[in-house]
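Scroll down for the structure; my scribbles are underneath it.
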Amino acid sequence: MKYLLLTSWLLFASFAAHGVIETYQFDTDLQRARYHHFIEELRCPKCQNQNLSGSDSAISQDLRRQIHRMIMDDKSDIEITQYMVARYGDFILYRPQFNAATAVLWLAPLGLLLLGILIWWRMAAMRARPKLTVEQTLSPAEAQRLKQLLSDDETVGKDGDDK
Amino acid sequence: MSKGQIMQRFKLFIPLLVFVALAAMFFGVERRVQRGEYTPTDLPSALLNRPLPDFSLPALDDGRLLSKADIQGELFLLNVWATWCPTCHYEHPFLVKLAEQGVKIYSVDYKDNAEAARRWLVEKGNPYVATIFDEAGNFGLDLGVTGAPETYLVDSSGIVRFRYQGALDQQIWDREFAPIIADLAGEASQ
């Protein structure tokens, strides 16, 4: 299972390799995969919405070089992430850590989903209600009156059509 | 019209109300962008209210090694610049003016050519107490620099109090820097 996961992940990561034309040397495929994972997952601090792999800016080049250096120095993923967040803040992470400042980002979709369900549920309930009330609350006298009104209306309608 | 009918009518206008609210919000943001009060590309510095990172780099003029201890002590500005940066050309005269007014400015010459940078300071005037020559950009990385120019306000205990991305001018100085410096002076005198 672990092997399968790693293989599929490597397969995914290899697509990312076409993002930038830079050649870094790695000792193992895992190092290469980690490098590509990082440049896909980290945002270019100078750009509004580009990851490091897609950006040609000078700062992205520096950060890619730094990631390569840290991977070759056997730094862990957590160390690399902490290094980046300490310098560029949560902005650099495309998947920001959950904390007070980013709670809105994580919870807003859930909140909107709940709001949608609530509205849908209310509308469904409203649509179902009128039928029941009409059928159940008419007394015999009211039914009689309704029938009379309807037949009155019909005769008026006919007169109207003739003109 | 019954209360129920009024409610039904009102519901028809909800999309319009949402549109008007959003339009007002976007218009407000756009106004602030045009007035220069808000720049969406600016990032809050991760160094804010944290100590300036340590460094050991040569001075641009004579190559002696500088470290954080050499520049720390009083409130100062740390200006990140380079000769390849067009906005730095625009900013430079204002820095010279600030230095004449007695503001202490250190600088980081970021990923630059030393020869060209020295010539720049001779030709355009040197507002800096000392210039740290960061050829590889490693100190820039530690500062969280995303480009040049950037200016950091560092207080007397070496804590970064403010970072501005882009060129300084009188307006930005009065609006962004002056209140923070006044606050710091107030804290110090208490």
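Sequence order for the protein chains is A and B.
According to our numbering, the stretch in the first sequence is residues 1 to 163, in order.
According to our numbering, the stretch in the second sequence is residues 164 to 353, in order.
A virtual CB, placed ideally from N, CA and C, is assigned to each residue, including glycine.
Cβ pair residue i, residue j closer than 9 Å
i	j	result
B:Asn242	B:Tyr291	yes
A:Ile92	A:Arg34	no
A:Ser146	A:Leu138	Note on residue identity: the sequence assigns Leu, not Ser, to residue 146 of chain A. Contact flag set, yes.
B:Ile295	B:Pro221	yes
A:Arg87	B:Leu306	yes
B:Lys267	B:Leu238	yes
B:Arg203	B:Val196	The question names Arg, yet the displayed sequence has Pro at residue 203 of chain B. Yes; because the gap between Cβ atoms is below 9 Å, this pair is in contact.
B:Leu223	B:Ala311	no
A:Asn51	A:Ile39	yes
B:Glu313	B:Tyr327	yes
A:Ser46	B:Thr309	Note that residue 46 of chain A corresponds to Lys in the displayed sequence, not to Ser. Against a cut-off of 9 Å, the Cβ pair of B:Thr309 and A:Lys46 comes out as a contact.
A:His68	A:Tyr24	yes
B:Ile234	B:Tyr201	no
B:Glu263	B:Asp332	no
A:Leu30	A:Leu63	no
B:Gly229	B:Ala184	The question names Gly, but residue 229 of chain B in the sequence shown is Leu. It is not a contact, given that the beta carbons lie outside the stated cut-off.
A:Glu22	A:Gln66	no
B:Ile343	B:Gly199	no
A:Ala101	A:Asp90	yes
Neighbour flag for residue i against chain B, beta carbons, 9 Å
i	result
A:Phe38	no
A:Asp97	Residue 97 of chain A is actually Gln in this sequence, not Asp. It does not: the Cβ of A:Gln97 has no partner Cβ on chain B nearer than 9 Å.
A:Leu52	no
A:Asp162	In this predicted model, A:Asp162 has a pLDDT of only 46, less than 50, meaning its place in the structure is not dependable enough to derive any value.
A:Gly111	no
A:Arg87	yes
A:Lys75	no
A:Asp62	yes
A:Gln82	no
A:Ala164	Any answer about residue 164 of chain A is impossible in this case: the structure gives chain A only from 1 up to 163.
A:Pro140	no
A:Gln144	no
A:Gln48	yes
A:Phe91	yes
A:Gln66	yes
Interface flag, residue i vs chain A, CB-CB below 9 Å
i	result
B:Gln306	Here residue 306 of chain B is Leu; the residue named in the question, Gln, does not match the sequence. It does; some Cβ of chain A falls within 9 Å.
B:Ala209	yes
B:Thr314	no
B:Phe204	The displayed chain sequence assigns Thr, not Phe, to residue 204 of chain B. With 9 Å as the cut-off, B:Thr204 counts as an interface residue toward chain A.
B:Thr309	yes
B:Lys231	no
B:Gly199	no
B:His300	Sequence inspection shows Gly at residue 300 of chain B; the His mentioned does not correspond to that position. Yes, because at least one Cβ of chain A sits closer than 9 Å to the Cβ of B:Gly300.
B:Lys274	yes
B:Gly303	yes
Exposure label - residue i; buried when at least 16 CB within 10 Å
i	result
A:Met197	Residue 197 of chain A is absent from the structure shown; chain A starts at 1 and stops at 163.
B:Thr378	It is not possible to answer for residue 378 of chain B, since the shown part of chain B is limited to 164 through 353.
A:Leu113	exposed
B:Phe340	buried
B:Glu193	exposed
B:Leu258	buried
B:Asp346	exposed
B:Asp217	exposed
A:Arg32	buried
B:Phe182	exposed
A:Gly111	exposed
B:Leu210	buried
A:Ile59	buried
B:Gly236	exposed
A:Glu142	exposed
B:Ala330	buried
B:Phe325	buried
B:Ala280	buried
B:Trp244	buried
B:Ser219	exposed
A:Lys163	Below a pLDDT of 50, predicted positions are generally treated as unreliable, and A:Lys163, at 44, falls in that range; no measurement from the model is reported.
A:Ser53	buried
Residue i: CB within 8 Å of a non-hydrogen atom of the ligand GDP
i	result
A:Ala108	As presented, the structure is devoid of all ligands, the ligand GDP included, so that no description of it is given.
* Asked: Unbroken alpha helix (DSSP H) runs of length 4 or more, entirely within the segment 206 to 275 of chain B: which are they?
  -> Those alpha helix (DSSP H) runs which fall completely within the segment 206 to 275 of chain B and span 4+ residues are 231 to 234, 249 to 263.
Exercise. Looking at C-beta atoms only, is the number of pairs between the segment 273 to 282 of chain B and the segment 297 to 309 of chain B that lie closer than 8 Å three or more?
Worked result: Judged by Cβ distances under 8 Å, the segment 273 to 282 of chain B makes contact with the segment 297 to 309 of chain B, as three or more pairs qualify.
(Q) If contact is defined by three or more beta carbon pairs under 8 Å, each pair taking one atom from either stretch, is the segment 64 to 79 of chain A in contact with the segment 311 to 322 of chain B? (A) As far as the Cβ criterion goes, the segment 311 to 322 of chain B does not touch the segment 64 to 79 of chain A, which means the pair count is below three.
For the pair the segment 279 to 286 of chain B and the segment 166 to 183 of chain B, tell me if three or more CB-CB distances fall below 8 Å.
When Cβ pairs closer than 8 Å are counted between the two stretches, the segment 279 to 286 of chain B is seen not to touch the segment 166 to 183 of chain B, the count staying below three.
Length-filtered (4 minimum) alpha helix (DSSP H) runs lying within the segment 303 to 341 of chain B: For the segment 303 to 341 of chain B, not a single whole alpha helix (DSSP H) run of length 4 or above is found.
Report the residue ranges of all beta strand (DSSP E) runs contained in full by the segment 25 to 71 of chain A; include only those spanning at least 3 residues, in chain order. The segment 25 to 71 of chain A contains no whole beta strand (DSSP E) run of 3 or more residues.
For the segment 93 to 119 of chain A, which segments carrying the beta strand (DSSP E) assignment without a break, of at least 3 residues, lie completely within its bounds, in sequence order? Fully enclosed beta strand (DSSP E) runs of 3 or longer: not present.
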